[in-house]
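Engineer: To start, I am sharing the structure in question, which I have written as structure tokens.
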Amino acid sequence: MTRVIENLGLVLMLAGVVVSAVAVWRSVQRAGVSGCPGVDPGGAWWRWAWSPWRWVRRPWCGYDLSGAPVVDGVVTCPECGRRGAVPARRRAGGRWRAGVVSAVLLAAGVACWEVRWVRGARWAGRAPTGVLLAAETAAPWFWSPRLEQELSARSKAGVWWVWGRWLERCASVAMGADGARYNADWGASVLGSRLPGSMPAVERALESGDRQRRQYAAGVVMGAVGRGVLDAGALPESFWEAAVEGLADDSHAVSGDMAFGNARAFTEFLVRHSPRAAGPLLRALSSADGQQRVLSASVLARAGREVRPDLAWRAGPVLCEHLRDNGIEGDAVEAARALLAMGPLALAPLERFAAGEGAGGAPDRQGALTAEYLVRHLRGEPLTRAERRRLNVITSVRGNTFED
Numbered sequence: 009m010t011r012v013i014e015n016l017g018l019v020l021m022l023a024g025v026v027v028s029a030v031a032v033w034r035s036v037q038r039a040g041v042s043g044c045p046g047v048d049p050g051g052a053w054w055r056w057a058w059s060p061w062r063w064v065r066r067p068w069c070g071y072d073l074s075g076a077p078v079v080d081g082v083v084t085c086p087e088c089g090r091r092g093a094v095p096a097r098r099r100a101g102g103r104w105r106a107g108v109v110s111a112v113l114l115a116a117g118v119a120c121w122e123v124r125w126v127r128g129a130r131w132a133g134r135a136p137t138g139v140l141l142a143a144e145t146a147a148p149w150f151w152s153p154r155l156e157q158e159l160s161a162r163s164k165a166g167v168w169w170v171w172g173r174w175l176e177r178c179a180s181v182a183m184g185a186d187g188a189r190y191n192a193d194w195g196a197s198v199l200g201s202r203l204p205g206s207m208p209a210v211e212r213a214l215e216s217g218d219r220q221r222r223q224y225a226a227g228v229v230m231g232a233v234g235r236g237v238l239d240a241g242a243l244p245e246s247f248w249e250a251a252v253e254g255l256a257d258d259s260h261a262v263s264g265d266m267a268f269g270n271a272r273a274f275t276e277f278l279v280r281h282s283p284r285a286a287g288p289l290l291r292a293l294s295s296a297d298g299q300q301r302v303l304s305a306s307v308l309a310r311a312g313r314e315v316r317p318d319l320a321w322r323a324g325p326v327l328c329e330h331l332r333d334n335g336i337e338g339d340a341v342e343a344a345r346a347l348l349a350m351g352p353l354a355l356a357p358l359e360r361f362a363a364g365e366g367a368g369g370a371p372d373r374q375g376a377l378t379a380e381y382l383v384r385h386l387r388g389e390p391l392t393r394a395e396r397r398r399l400n401v402i403t404s405v406r407g408n409t410f411e412d
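All you need for our numbering is the position in the sequence shown, starting with 1, plus 8.
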């Protein structure tokens, strides 16, 4: 594709040279001729702008008016009917238009021919800050990371007293799913480094219709809370909605596993701040996404035992259903650990699940065995080592739940 653009540059430069040559030739050929300039097309410019020929030259009649009768200083062209003053000589006939078109074609041709240099942003270090921001705003997907690196360097140098809000808007847009590689990380880095001043831009990103932008913005806020830059008690509701949304199975995870990625990060964060996110977490218990259901229930179970036992109790039945062998990788392990964290509150939902009174009916072998051992453990009944090892029937278990 780059080679095609470079070849297009040659064509544009050739066209610019041809336009210039034709304009000069016509100007020299008709110099000094007192000819009629022709009737102006009139009207709005878009009525005739569709014709590239009009861009280059004006309408030209060319009738020799040197012998035409003049009445009150006005001459009427017998050829085209134009009425006006007698021209002392033939006017340029659109020469300035040809010059502008030629300059534009030559500039576009040079830019296409040097597309590697332009796209690589090797000029970024010498360009004004406003030019860099305009380029990032116009086509963020086009430039190499060098342009964004230059913007970051200037931001850290403290030269943004004029351009700061524009930079934050560019960073917010970059966090969206625009097809460009790595620019979302750059946008999150810029907004995170400018907090709390960039919080208005972050809040707009949290309310965006782009899921990726919301997730990156929530990650920026979560990191700022961890660094002590923001207070978790003063965060907007849109952040908690985005954080719970991040528990779902999405492309931000690693290898499709809930043990990694944004889902795990948000889970641990929400456990520490669950009272603020109670509403979104309760709504997520009925989500169509299995990973979001089990992680939301896990948060409520792990955090609600001490803070909100009623929330932990509502999470119990959801966790029990995820003890089954299903297609959600790692959910049984997550559910078992969350039920253990509930303590005695988990006994009632586990017993109903084992008796087949759960939403999904009778449990399968994996669910029945896991529920049995969990109930015995929570009641204080000893389990043999062999019985503990039998918990490895849980799909994709990574360790002994009772010994971790």
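Ideal Cβ placement from N, Cα and C applies to all residues, glycine included.
Here the structure is a predicted model, which is why all the values come from computation and not from measurement.
#1: So, helix, strand or coil for Thr84, using DSSP?
#2: DSSP has Val78 in a bridge; who is on the other side?
#3: Using 8 Å for Cβ pairs, my map puts Asp297 next to Ala323. What's the rounded Cβ distance?
#4: So, are the CB atoms of Arg91 and Val82 less than 7 Å apart?
#5: Counting C-beta neighbours from all protein chains within 10 Å, is the total for Asp339 16 or more, i.e. buried, or is it exposed?
#6: Would you kindly work out how many angstroms separate the C-alpha atoms of Leu331 and Cys120, rounded to a whole number?
#7: Note down the Cα distance separating Leu421 from Gln157, rounded to an integer number of angstroms.
#8: Name the DSSP bridge partner or partners of Asp186?
#9: Please identify the residue among Ala346, Gly205, Ala185 and Ser180 whose C-alpha is closest to the C-alpha of Arg212.
#10: In chain order, what are the residue ranges of uninterrupted alpha helix (DSSP H) at least 4 long that sit wholly in the stretch 237-300?
#11: Take Gly234 as the anchor and find which of Ala273, Ser206, Arg219 and Glu249 has the nearest alpha-carbon.
#12: Alpha carbon to alpha carbon, how far is Leu358 from Leu348? Give it in angstroms, no decimals.
#13: Given a threshold of 16 other Cβ atoms within 10 Å of its Cβ, counted over all protein chains shown, does Val27 qualify as buried or as exposed?
#14: Please state whether the Cβ-Cβ distance between Val279 and Val307 is less than 7 Å.
#15: What's the C-alpha gap between Asp372 and Val326?
#16: Can you tell me whether Glu253 is buried or exposed, with buried defined as 16 or more other CB within 10 angstroms of its CB?
#17: Leaving out five residues before and five after Gln223 in sequence, what residues of the same chain have Cβ atoms less than 7 Å from its Cβ?
#18: Could you please give me the residues that DSSP links to Gly92 through a beta bridge?
#19: Measure the C-alpha to C-alpha separation of Gly287 and Gly366 and round it to an integer number of angstroms.
#20: Using the Cα positions of Glu389 and Ser160, report the straight-line distance between them to the nearest angstrom.
#21: Do you know offhand how far Ser216's Cα is from Ser197's?
#22: Enumerate in chain order the residues of its own chain whose CB-to-CB distance from Val210 is below 8 Å, with the five nearest sequence positions on each side excluded.
#23: Over the uninterrupted alpha helix (DSSP H) stretch that includes Ser163, give me the two end residues.
#24: Under three-state DSSP, which class holds Asp218?
#25: Just to confirm my understanding: we take Pro317, look at its own chain, exclude 5 residues before and 5 after, and list those with CB closer than 7 Å. What are they?
#26: If you run the structure through DSSP and keep just helix, strand and coil, what is Asp333?
#27: Got a sec? Which residues, its chain only, sit under 8 Å from Arg284 by beta carbon, not counting five neighbours each side?
#28: I'd like to confirm the pairing. Which residues does DSSP put opposite Asp372 in its beta bridges?
#29: Cutting at 8 Å between CB atoms, please list the residues of its own chain near Gly184, excluding the five before and the five after it.
#30: From this set, Leu175, Ala394 and Ala356, which residue's C-alpha is nearest Ala379's C-alpha?
#31: Let's see if you can read the secondary structure: which residues bound the alpha helix (DSSP H) around Glu395?
#32: Near Ala363, which residues of its chain fall below 6 Å by C-beta distance, leaving aside the five closest residues on each side in sequence?
#33: For a quick check, are the C-beta atoms of Glu329 and Gly368 less than 7 Å apart?
Structural biologist: On the basis of the coordinates in this document:
#1: Within the sequence shown, the letter at position 76 stands for residue 84. In this structure, Thr84 counts as strand in the three-state DSSP scheme.
#2: By 1-based counting over the sequence shown, the position of residue 78 is 70. DSSP lists Val83 as partners of Val78.
#3: Position 289 of the sequence shown, counted from the start, is the residue given in the question as residue 297. Position 315 of the sequence shown, counted from the start, is the residue given in the question as residue 323. Actually they are not in contact, since the Cβ atoms of Asp297 and Ala323 sit about 16 Å apart, beyond 8 Å.
#4: Taking the sequence shown and counting its residues from 1, the one referred to as residue 91 is at position 83. Taking the sequence shown and counting its residues from 1, the one referred to as residue 82 is at position 74. Cβ atoms of Arg91 and Val82: closer than 7 Å.
#5: The residue you call residue 339 lines up with position 331 of the sequence shown. Classification of Asp339: buried, given that the 10 Å Cβ count is 16 or more.
#6: Within the sequence shown, the letter at position 323 stands for residue 331. Within the sequence shown, the letter at position 112 stands for residue 120. Their Cα atoms are separated by approximately 60 Å.
#7: Outside the displayed span of the chain (9 to 412) sits residue 421, for which this structure offers no information.
#8: Numbered from 1 along the sequence shown, position 178 holds the residue referred to as residue 186. Answer is none; Asp186 lacks a bridge partner.
#9: For the purposes of this step, residue 212 is identified with residue 204 of the sequence shown, where counting begins at 1. Closest option to Arg212, judged by alpha-carbon separation, among Ala346, Gly205, Ala185 and Ser180: Ser180.
#10: Listed in chain order, they are 245-253, 269-280 and 286-292.
#11: Here residue 234 refers to the residue found at position 226 of the sequence shown. Residue Ala273 is the option with its Cα nearest to Gly234.
#12: For this step, residue 348 is matched to residue 340 along the sequence shown. For this step, residue 358 is matched to residue 350 along the sequence shown. Here the alpha carbon of Leu348 sits roughly 11 Å from the alpha carbon of Leu358.
#13: The count along the sequence shown starts at 1 and reaches residue 27 at position 19. Taking a 10 Å sphere around the C-beta of Val27, we find 16 or more other C-beta atoms and assign the residue as buried.
#14: Residue 279 sits at position 271 when you count from the first residue of the sequence shown. Residue 307 sits at position 299 when you count from the first residue of the sequence shown. The answer is yes: Cβ separation under 7 Å.
#15: To locate residue 372, count along the sequence shown from 1; it is residue 364. To locate residue 326, count along the sequence shown from 1; it is residue 318. C-alpha separation (whole angstroms): 16 Å.
#16: Numbered from 1 along the sequence shown, position 245 holds the residue referred to as residue 253. With 16 or more other CB atoms across the displayed protein chains lying within 10 angstroms of its CB, Glu253 is buried.
#17: Your numbering for residue 223 matches position 215 in the sequence shown. The residues are Ala250, Gly254, His260 and Asn270.
#18: One-based indexing of the sequence shown puts residue 92 at position 84. According to DSSP, which records beta bridges pairwise, Gly92 is partnered with Val83.
#19: The sequence position of residue 287 within the sequence shown is 279, counting from 1. The sequence position of residue 366 within the sequence shown is 358, counting from 1. Within the model, the alpha-carbon separation for Gly287 versus Gly366 is close to 24 Å.
#20: If you number the sequence shown from 1, residue 389 lands on position 381. If you number the sequence shown from 1, residue 160 lands on position 152. Using only the alpha carbons, I get a separation of about 60 Å.
#21: The count along the sequence shown starts at 1 and reaches residue 216 at position 208. The count along the sequence shown starts at 1 and reaches residue 197 at position 189. The straight-line gap separating the alpha-carbon atoms of Ser216 and Ser197 is approximately 18 Å.
#22: Here residue 210 refers to the residue found at position 202 when the sequence shown is read from its first residue. These residues qualify, in order along the chain: Ser180, Leu199, Leu203, Ala225, Val228 and Val229.
#23: As a position in the sequence shown, residue 163 is number 155, starting the count at 1. Run containing Ser163: Pro153 to Lys164, per the alpha helix (DSSP H) assignment.
#24: Walking along the sequence shown from the start, residue 218 turns up at place 210. Shown here, Asp218 sits in coil according to DSSP, grouped into three states, outside any helix or strand.
#25: Counting from one through the sequence shown, the residue named residue 317 turns up at place 309. Take Pro317, set aside five residues on each side of it, and the residues of its chain with a beta-carbon closer than 7 Å to its own are Leu353, in chain order.
#26: Position 325 of the sequence shown, counting from 1, holds the residue named residue 333. Note: Asp333 maps to coil in three-state DSSP.
#27: Numbered from 1 along the sequence shown, position 276 holds the residue referred to as residue 284. Only Ala240, Gly241, Leu243 and Trp248 meet the Cβ criterion.
#28: Counting from one through the sequence shown, the residue named residue 372 turns up at place 364. For Asp372, which the question treats as bridged, DSSP gives no partner whatsoever.
#29: Along the sequence shown, read from residue 1 onward, the residue named residue 184 stands at position 176. Within its own chain, the residues whose Cβ lies closer than 8 Å to the Cβ of Gly184, once the five positions on either side in sequence are excluded, are Ala192, Ser216, Asp218, Gln220 and Arg221, listed in chain order.
#30: Taking the sequence shown and counting its residues from 1, one reaches residue 379 at position 371. Per the Cα distances, Ala356.
#31: For the purposes of this step, residue 395 is taken as the residue at position 387 of the sequence shown. Arg393 to Arg397 is the extent of the alpha helix (DSSP H) around Glu395.
#32: Here residue 363 corresponds to residue number 355 of the sequence shown, with the count starting at 1. Closer than 6 Å at the Cβ level, and outside the excluded window around Ala363, lies no residue.
#33: As a working mapping, residue 329 is identified with position 321 in the sequence shown. As a working mapping, residue 368 is identified with position 360 in the sequence shown. Against a cut-off of 7 Å, the Cβ pair of Gly368 and Glu329 comes out as a contact.
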